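In the numbering used here, the protein residues as written are 163 to 304.
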């Protein structure tokens with residue numbers, strides 16, 4: 163049973179979402195609350211070593227190039243060793259890369275946004291937009 167305040171909160175959140183345009187992709191549909199979906203997606207992206215910045219109901223996502231990741235890894239070795247000695251929480255994962263035949267390790271930028279549908283209350287779309295001109299096969303790997 164949904165209370166009146168829960169219903170009002172859901173309607174308020176839906177009004178903040180951008181209206182989905184274009185074709186409907188069944189695999190990108192969800193009826194879960196938008197905030198819950200963003201949390202789940204963020205967790206997965208962080209496990210993949212992708213930097214995530216949330217702006218409302220959008221996630222700005224970046225996977226650094228292999229050369230940037232290697233430089234950061236070498237430069238942060240002392241910091242990592244100190245963290246291992248003093249912390250008990252997991253470190254951020256390094257980005258993952260596909261086989262060189264499908265992923266040349268370049269920087270990839272994309273945006274994920276939760277959108278609503280005009281006349282379908284409670285149904286949302288997870289829209290992914292490519293931001294930079296990286297090779298499309300690298301996006302497919304992610």
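Built from N, CA and C at the ideal position, the CB exists for glycine as well.
Just so you know, these numbers come straight off a predicted model, no measurement behind them.
Boundaries cannot be given for residue 212, as no alpha helix (DSSP H) includes it and DSSP labels it neither H nor E. Residue pairing by DSSP places residue 288 opposite 276 in a beta bridge. Looking from the CA of residue 269, the closest CA among 278, 226, 301, 303 belongs to 226. Taking a 10 Å sphere around the C-beta of residue 207, we find 16 or more other C-beta atoms and assign the residue as buried. Counting the other Cβ atoms within 10 Å of the Cβ of residue 217 gives fewer than 16, which makes it exposed. Across the set 279, 213, 263, 271, the C-alpha of 271 shows the shortest separation from the C-alpha of residue 292.
For residue 302, the enclosing alpha helix (DSSP H) covers residues 298–303. By the neighbour-count criterion, in which a residue is buried when 16 or more other Cβ atoms sit within 10 angstroms of its Cβ, residue 265 is buried.
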